[in-house]
Every structure is written in structure tokens, then in C-alpha cells.
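Chains as they are written, first to last, in my numbering: chain A, 1 to 319; chain B, 1 to 440. Beta carbons: idealized from backbone N, C-alpha and C, even for Gly.
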């Protein structure tokens, strides 16, 4: 019993002190994962804020956007033109979703819209596999001038490895998150977005075009998906299993709240770093593989104290 | 519509179906192919599906089938999902399939008890339950040419030889990176037994299916544990991501070994840093065999294949060919044994117990030198054949070893015990009642 307590409460911390290089490496890996989780979570938050819908299709949008980019390049389209065309494809997707899925379902219960995004997910999986096939592809990292290579720093009696791609991913994702945060909090469209989130009917009554807002928001979520697809794809290849990684954004949303952009960022970092630290220092006690569920445990622990999430809006129902 | 018209319609439909069914049953042999061209495992599943389909289709196009009987090929998409795989089985079993290839250990396990009831042989080629190699206990299951336990023993033997002998493994640490599913866990009991016996330490690194492309934690842990060697039991997008992560994390790639499932795309994913990555294999890579050239001529060039031309002859494509070679041989042997042209699942089970793929037979099939010989029997449904080590040179696989025999002395006892244990734990497991043919 004492041995177990030692292994749980003392040994991991001793190891952190003994090997600070590994602690820094773990924190760095967690940070990179966290920023990427935050980026994916942001796609969910944008759509949830605009329509009150949890967009289950956000994961497959990541894969779809990345596959369009790689697929166009493989057809001979220059890399940066392919990037622009992939972004335009996400705009077309946003317009089609608004016209075919959202508009006919205005004012329907949220669960109906949620189920519609389920349908959209399976349609995009099938459509994507029909066009691109199921085989994994390599992201066009060099062609997009994303840096490769590693910088190894000797420190604390060991070494810390920084992948240049990870550094770029963290910087690009941070810029992206910053731009979106400013755009949706400081601009007229951002205010319109918040109005739509509060009430579709009230927003319509003051002249806000619901359809336009939805297209803008789905397009923004599509761009977020494209950037996330490029970064994850560059790290580990582009395949349909990337859509499962996108579901890692779920605990981030539970933690950060479904309506908060800062929540998505902070939540992403907490989950990313928390799961890496948990797996690395406490995983061996139970044979490893704790990362999969640890993110949810972290989110649920936070929920005990803040049911609305870290930055979510506190809902007060009058009775 | 009146009930009378409805009744007449149903009667007519029944008659038509009744007329069609015997025509299907009399003139052809039904071979369902469980495949996955979609989902996270499609990267491995697609080339195998192409190879399996194209070889059998080539026999149809070139020879009119096997023994003058056309093969009816039908793919069922499982997505590597056990539930969907069992649904596929239920969907095809009424069509008199002569053999079922689950192409997933997870799907194979629930089908094992059904096979003897439905009289449908299960071919789980080099995957599935290792203990099912025992034909006396599992008469309806075949897993040639080597079990996962054989594969693990070959890897340990090869690593031991690199160290200067198995005794030199004492005090070493071997990391085991595996898919956290039935498939990935299958060799763990043997690995742990070997670790006790030979004195090396094992560090397990499970990878959940949802984290196949997010393995930084596992490789960070490997950096902490500093295993002397890493062995991988991966599938689908896990393999390519693992090679990438190994390179990223700075793990010495020449100490990174895999069982026989990565393909060229997986190794390519690691870029130049993947040079030196090693894996087991038991058949040739390339298209320079008369049978594969016939596939190109009769199937690929005619647009009857889903495979891109440049993928014909790649490792996993050829793995699919090997799988279909076993199916075809099982059917051919069944025809020979029974004298029937249109054989059943029961006949093909007998046929598979009489497979004898010696060099002369391989030459006759246009596959001379494609693989080592394989002889199956009533008692041995596996063959426990040797594999060889191959290394990625940056652009292609290069064979770097002589045949590595499995450590039969260490594996057999455990395999026998596991087979008996399976039969005891599954109450009412039937004793073999199927007679053995003289030749087998």
C-alpha cells in the first residue's frame, strides 16, 4: 500500500526533478498538441456560437480539407494555388451546408440540427472516400514551405528536441486563433454572431441575415479545419483516422465551454499538457494507454467545480 | 393492389429466385472477400483487397475459374470493425461461401465458434488466434504460414542473434508498441514468457485506435525507458505514424522492428530517416512473376482492377495475392479430393488440409520463388514457416537475412496449452469429428 502511494504521489515528482529535460520535452509535446486541439475546438465553438449546434462534422472537415489540398496537388495544381482552391472548396461547402442543411431546419430543436451534422459527417466520409480513396497520403510539407528538421538542445544533463514543424504549428495555430478571436469579438460580424447565438428570431428582427452569418461561420470553421488538417497531416499523415483525433476537442469543449474562444484555447492547453504529463508520469502504473480517457477525467474534474466550463456562460433559469 | 395480385407477385418472385439459385450454385463457387477500403485502416486494407481480388479475377479471366468453375467474387466492406465483420459473415453465410477471410483478428475471434456450426472454413492468414493452428482442436480455422507467436519468436531470435546469442538478451529492454486491440495484444503472453525465460525486460506501449496518429506520448515514454529495441504490432495508419514518430523522437531506427504488416507507404512516411527500419516478411515484393504479369494483362490492363498500376507488386498487394493463392489452392485440392467441380465449404476445409505448395507447384502456378514452400495437414493448420528480415533502404524493401525459423521449442508448448485452454473455457467446444484424409 505504502509502495503504491509512493509510486502515485512521490515517485513521478522525484522523476520530474531528476530528469528536467524530459519534463520540458513532455510539456513541449503537450503544448503543441494542446494548441492543435485548441484550433480544432475553435471550429466547434464558432459554429456552436452562431447556431447553437454542436457540429459533429468538424472532424471530417479537417480530413476533407487536407485531402482536397493534397489531392489537388497530386493532380498537378501548384501547392499554393491548391491551398487557395482548398479554402474556396470550404467556402462552397459552407454555402451548400447553409442552403441544404441549415436553412430548411431554422428554428427546429437543436437536437435536429445536431443530427443533421451527423448526416453531414457520414456524407463527407463517403464522398471523400469516393473521390480520394481510403489510402493515407503525405502532406505537402516541403511545397508549403513548412520547416523540417530538429533542433536539439543539450540541457539538464540530457537533451530537448524541438521539431521545427512543431514550432511552426504552434506559431501558425496561435496566430490563427488570435485572428479569429479578434475577428469575432471586435468586428460587426462578431457582434452579429453573438446576437444570432442568443436568439435566431431576435437577430432576424434587427435585420441580421442569418444565412449570411451561417455561411461566414461555417467558412471560418472550414478554414480552421484546413489549417488543422495541414498541421496534423504534416505531423502524422493525412488519413481518415484524423477525424478521430478531432474528437479530442470534446474534452477541450467540456472544459472550456462551448461558447468561449478563450475557453477553447485554455482548455486545449490544459488537455494537451495534462494528457501528456499523465501518460508519461502516471501511465506506466496501469500499463500505459491512459491518454485516451485521461482527457475526459481532467474535463470532468473541472466540471465538478464549474459546470458551465472554464469560460462558459452561467445559465440561470428563472422558475 | 389486391391480396390476390400481391400473392401472385410473391409467388412469381419466389419461382424466379428458385430458378436463379440453382444456376448460381451449380455453375460457380462463391468466394466472399471481407475487405476495408474505407476508414482508418484503409491504408493497409486497400492494397490487400486489390491483391486478393485481382489474383482470383485473373483466374476467372485467364482460366475460366478453377477446374473449369467460375469464381463468384463479392466484397463486403467491414471497415475493420468487428460488428460490421460479423454482419458481413451473417450476410454471406446463406450463399454457400467456400471460405471466409475476416482480415481482422477482432472479427476472426467471434467467427471461430461459428465456423464449425455453419461448416464454413475461416482463413486468417498469419493473423487471428495463434492457437487455432491446432487442426485437431480447430478443424475449421486455418492461419498459415506462421502465427503471431511464431512471428514474435522470430523477432526475438533475430534480435538475440544480433546481440551474439539469446543469452545476451539478459538485462536488455525490449519495447512493444502495439495497437490496443485483440490483434496487438495477441503476442503479449508469449513475449512475457520469453522475457522471463531469457531475462529481458518488456515495456508495453499500447496505442488506442483513436490515437494511431497521435503517438507522441508513446515515443516520449520510449525516450524515458530507453528500450534497446522496439518491436511494433501495428496496422492501418498506426504503422506510418509510428515510423514518423520514431524518426521525430530520435529513436535509433535500425533498432526498430515490426511484424509483417507495414507496407511501402508506411516506411515512406518516415522520409529519409526511415532508412534502416526492419520488418518480417515471407514472400517476394515486385511484379516479376508470370502470375502477376498475367494479373496485369488480364485484369489491370483491362480496367478490371481497382489498384493503381504502380501499386501492383507492392508488399501488401502481394500479401493479398498470397491470401488468394491459398484460397485457390484450397478449392483446387478440394476438387481433386472430391472429384466435384463445384465444391462446398466442407470440401474446401478438406482441400486446405491438403495444401502442398512446394517449389514445383509454385512454378506451375507462375509464382516460382515467390515464397517458401507450405504444407498443411489435418493436425497442422499453420505450417509454422520461416520468415525473413527485410530493411527499408529509403526507396524499397531489401531482404537482409536468411530464413528465420520460429522458436518452435519455446512456442509449441505454449501454443498447445493455449489451444486446450480455449477448448476448456468455451464450454461444449466440440471434439473434432471431421475425418482426416490419408494424404494429410
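Item checked: Where residue 309/B falls: helix, strand or coil (DSSP) -> If you number the second chain from 1, residue 309/B lands on position 309. DSSP places residue 309/B in helix when its eight states are reduced to three.
Checklist line | Exposure of residue 211/A, with buried meaning 16 or more beta-carbon neighbours within 10 Å | finding: One-based indexing of the first chain puts residue 211/A at position 211. Residue 211/A is exposed by the Cβ-count criterion.
Notebook entry, point to check: DSSP puts residue 76/B in a beta bridge; with which residues?
Noted result: The count along the second chain starts at 1 and reaches residue 76/B at position 76. In DSSP, residue 76/B forms a bridge with 34/B.
Check: Which class does residue 205/B belong to by DSSP, given the choice of helix, strand or coil?
Finding: Reading the second chain from its first residue, position 205 is the one you call residue 205/B. Strand, per DSSP.
Item checked: Cut-off 6 Å between Cβ atoms - residues of its own chain near residue 299/A, not counting five sequence neighbours on either side -> Reading the first chain from its first residue, position 299 is the one you call residue 299/A. Counting only Cβ-Cβ distances below 6 Å, and skipping sequence neighbours, we find 251, 254 and 255.
Check: Count the other CB atoms within 10 Å of the CB of residue 441/B; is the residue buried (16 or more) or exposed (fewer)?
Finding: Past the edges of chain B, shown from 1 to 440, lies residue 441/B, and the structure says nothing about it.
Next item on the list: Check the Cβ of residue 435/B against every Cβ in chain A and list those closer than 7 Å, keeping chain order.
Entry: Along the second chain, one-based indexing puts residue 435/B at 435. Going along chain A, no residue has its Cβ under 7 Å from residue 435/B, so there is no contact; the nearest lies around 43 Å.
Notebook entry, point to check: Can you list, in chain order, the residues of its chain whose CB lies under 6 Å from that of residue 13/A, leaving out five sequence neighbours each side?
Noted result: Locating residue 13/A in the first chain gives position 13, where the first residue counts as 1. Taken in chain order, the list of residues that qualify is empty.
Margin query: Cutting at 6 Å between CB atoms, please list the residues of its own chain near residue 27/B, excluding the five before and the five after it.
Written below: As a working mapping, residue 27/B is identified with position 27 in the second chain. Excluding residues within five positions, none has a Cβ falling inside 6 Å.
Note to self: From the DSSP secondary-structure annotation, give me the bridge partner or partners of residue 392/B.
What the structure shows: Against the second chain, residue 392/B aligns to sequence position 392. 397/B.
Item checked: residue 219/B - containing alpha helix (DSSP H), residue span -> Walking along the second chain from the start, residue 219/B turns up at place 219. Counting along the chain, the alpha helix (DSSP H) containing residue 219/B begins and ends at 216-225.
Notebook entry, point to check: So who's on the other strand from residue 387/B, going by DSSP bridges?
Noted result: As a working note, residue 387/B is residue 387 in the second chain. According to DSSP, which records beta bridges pairwise, residue 387/B is partnered with 404/B.
Note to self: Measuring only the C-alpha atoms, how far is residue 254/B from residue 400/B?
What the structure shows: Working through the second chain from its first residue, we reach residue 254/B at position 254. Working through the second chain from its first residue, we reach residue 400/B at position 400. Rounded to the nearest angstrom, the two C-alpha atoms are 12 Å apart.
Notebook entry, point to check: What number of angstroms, rounded off, separates the C-alpha of residue 24/A from the C-alpha of residue 150/A?
Noted result: For this step, residue 24/A is matched to residue 24 along the first chain. For this step, residue 150/A is matched to residue 150 along the first chain. Cα to Cα, residue 24/A sits roughly 16 Å from residue 150/A.
Note to self: Just to confirm the assignment, what range does the beta strand (DSSP E) spanning residue 233/B have?
What the structure shows: In the second chain, residue 233/B corresponds to position 233, counting from 1. Where residue 233/B is concerned, the enclosing beta strand (DSSP E) stretches over 229-233.
Next item on the list: Go to residue 239/B, then tell me how far its beta strand (DSSP E) extends in each direction, as first and last residue.
Entry: Here residue 239/B corresponds to residue number 239 of the second chain, with the count starting at 1. That residue, residue 239/B, is in no beta strand (DSSP E); its alpha helix (DSSP H) goes 237-249.
Note to self: Considering only their Cβ atoms, is the gap separating residue 320/B from residue 121/B smaller than 8 Å?
What the structure shows: By 1-based counting over the second chain, the position of residue 121/B is 121. By 1-based counting over the second chain, the position of residue 320/B is 320. Cβ distance not < 8 Å, so residue 121/B and residue 320/B don't count as in contact.
Next item on the list: Please classify residue 58/A: is it buried, with 16 or more other beta-carbons within 10 angstroms of its beta-carbon, or exposed?
Entry: Position 58 of the first chain holds residue 58/A. Residue 58/A is buried by the Cβ-count criterion.
Item checked: Any chain A beta carbon closer than 8 Å to residue 279/B -> Translated into the one-based positions of the second chain, residue 279/B becomes position 279. With 8 Å as the cut-off, residue 279/B does not count as an interface residue toward chain A.
Notebook entry, point to check: Mind checking if residue 293/B is an interface residue toward chain A, Cβ cutoff 8 Å exclusive?
Noted result: Here residue 293/B refers to the residue found at position 293 of the second chain. No, residue 293/B lies away from the interface with chain A (no Cβ there is under 8 Å from its Cβ).
Next item on the list: Taking C-beta pairs closer than 8 Å, name the residues in chain B that residue 287/A reaches, listed in chain order.
Entry: Indexing the first chain from 1 puts residue 287/A at position 287. Simply 204 and 206.
Margin query: So, for residue 418/B: in the same chain, excluding its five sequence neighbours on each side, which residues have a beta-carbon less than 6 Å away from its beta-carbon?
Written below: Taking the second chain and counting its residues from 1, one reaches residue 418/B at position 418. Here the set comprises 131.
Notebook entry, point to check: Cβ of residue 23/B less than 8 Å from any chain A Cβ?
Noted result: The residue given as residue 23/B occupies position 23 in the second chain. Confidence in residue 23/B is poor, its pLDDT being 40 and thus under 50, which makes the residue's placement unreliable; the coordinate value appears in the next sentence. No, residue 23/B does not count as interfacial toward chain A.
Item checked: Cα-Cα separation, residue 25/B to residue 342/B -> On the second chain, residue 25/B is found 25 positions in, with the first residue counted as 1. On the second chain, residue 342/B is found 342 positions in, with the first residue counted as 1. Per-residue confidence for residue 25/B stands at a pLDDT of 48, beneath the threshold of 50, marking its modelled position as unreliable; the derived number appears in the next sentence. Each residue's alpha carbon lies about 8 Å from the other.
Check: Under 8 Å between C-beta atoms, does residue 241/B make it to chain A?
Finding: Here residue 241/B corresponds to residue number 241 of the second chain, with the count starting at 1. So yes, residue 241/B belongs to the interface.
Check: Comparing the C-beta of residue 22/A with each C-beta of chain B, is any distance below 8 Å?
Finding: Along the first chain, one-based indexing puts residue 22/A at 22. Judged by the 8 Å Cβ criterion, residue 22/A is in contact with chain B.
Next item on the list: Count the CB pairs spanning the region 151-168 of chain B and the region 342-358 of chain B that are closer than 8 Å, and state whether there are at least three.
Entry: no
Margin query: Does chain B have any CB closer than 8 Å to the CB of residue 279/A?
Written below: Working through the first chain from its first residue, we reach residue 279/A at position 279. Closer than 8 Å: yes.
Next item on the list: Tell whether a beta-carbon distance below 8 Å holds between residue 43/B and residue 265/B.
Entry: Taking the first residue of the second chain as 1, we reach residue 43/B at position 43. Taking the first residue of the second chain as 1, we reach residue 265/B at position 265. For residue 43/B and residue 265/B, yes; Cβs fall inside 8 Å.
Next item on the list: Would you identify the three-state DSSP class for residue 158/A, choosing helix, strand or coil?
Entry: Indexing the first chain from 1 puts residue 158/A at position 158. Strand.
Check: Rounded to a whole number of angstroms, what is the C-alpha to C-alpha distance between residue 137/B and residue 213/B?
Finding: As a working mapping, residue 137/B is identified with position 137 in the second chain. As a working mapping, residue 213/B is identified with position 213 in the second chain. Cα to Cα, residue 137/B sits roughly 39 Å from residue 213/B.
Notebook entry, point to check: Can you tell me the Cα-Cα spacing of residue 45/A and residue 71/B, whole angstroms?
Noted result: Here residue 45/A is taken as the residue at index 45 of the first chain, counted from 1. Here residue 71/B is taken as the residue at index 71 of the second chain, counted from 1. Whole-angstrom Cα-Cα distance: 53 Å.
Note to self: Quick check on the burial criterion: 16 or more other C-beta atoms within 10 angstroms. Buried or exposed for residue 39/B?
What the structure shows: Residue mapping note: residue 39/B aligns to position 39 of the second chain, counting from 1. So residue 39/B ends up on the buried side.
Margin query: Using a Cβ-Cβ cutoff of 7 Å, what residues of the region 145-174 of chain A are near chain B? List them in chain order.
Written below: 161 and 163
Next item on the list: For residue 23/B, I'd like the list of residues in its chain whose CB is within less than 8 Å of its CB, leaving aside the five on either flank, ordered along the chain.
Entry: The residue you call residue 23/B lines up with position 23 of the second chain. Below a pLDDT of 50, predicted positions are generally treated as unreliable, and residue 23/B, at 40, falls in that range; no measurement from the model is reported.
Notebook entry, point to check: Between residue 118/B and residue 93/B, what straight-line distance do the alpha-carbon atoms span, to the nearest angstrom?
Noted result: On the second chain, position 118 is the one that residue 118/B refers to. On the second chain, position 93 is the one that residue 93/B refers to. Each residue's Cα considered, the two are about 8 Å apart.
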